[in-house]
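Asks: Before anything else, here's the structure in question.
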Amino acid sequence: MSKSGISTAGQVLRELHGVVVTAGRMSKTVKVRVGGQQWNQKVQKVNAYMLLAETHGPWLITTCRQMFTKPKKYLVHDPNNSLRQGDIVSIVPGWRRSPQKRHVVKSIIAPHGTPIEDRPSIPTIEELLAARTQMKETKDARRAERRQDITERPAVAPQPEVD
1 MSKSGISTAG QVLRELHGVV VTAGRMSKTV KVRVGGQQWN QKVQKVNAYM LLAETHGPWL
61 ITTCRQMFTK PKKYLVHDPN NSLRQGDIVS IVPGWRRSPQ KRHVVKSIIA PHGTPIEDRP
121 SIPTIEELLA ARTQMKETKD ARRAERRQDI TERPAVAPQP EVD
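Below you can see the structure in the form of structure tokens.
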């Protein structure tokens, strides 16, 4: 990821609020349920005008479509294992930690059980970005060092076959 990619990762597009469903099963990972709705075309909910249509005519029959709740569940990165089941948290999209983990905990809105003061602190987005740039720089330095070692090695001449 280039420097511009890291700076654009800091620009948060959206912030989601949800409830921690599972915590403690995986290291540094929790499952968060975020509310959502789904539009259903097939299900029709009949209004109260249906009752009036019996007396005033069929032109009062109206139907409306209905929205149904369909929550989404996200795997979220919890850097210090500070979340507990039942916490209400805010999460933000970040870079991929694994194939399914794409979000990071931003803050705890309402703790459940243990108070926030007794838990490990949640790092800010700036701290996470600084740690990521530090890891990236050390990785680039190791890679450059390895490439330099390969170019400095003397070329080995092939040994002639002995009959």
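FYI, full-length UniProt numbering numbers position 54 of the sequence shown as 54, with every residue one higher than the one before it.
The C-beta atom is built at its ideal place from N, Cα and C for all residues, glycine as well.
Small disclaimer: the values here were computed from a predicted structure and weren't measured.
1. Give the range of the alpha helix (DSSP H) segment to which residue 128 is assigned.
2. Taking residue 95 as the reference, which of 104, 89 and 88 has the closest Cα?
3. Per DSSP, which residues does residue 16 bridge with? Please list them.
4. Which residues in the same chain have their Cβ closer than 6 Å to the Cβ of residue 80, if we skip the five residues on either side of it in sequence?
5. Thinking C-alpha only, which one of 90, 159 and 142 is nearest residue 14?
6. Out of 130, 128 and 110, which has the shortest C-alpha to C-alpha gap to residue 18?
7. Evaluate residue 69 with the Cβ neighbour count: other Cβ atoms within 10 Å of its Cβ, from every protein chain shown; 16 or more gives buried, anything less gives exposed.
Replies: Answer, in terms of the structure:
1. 125-152
2. 104
3. 91
4. 120
5. 90
6. 110
7. exposed
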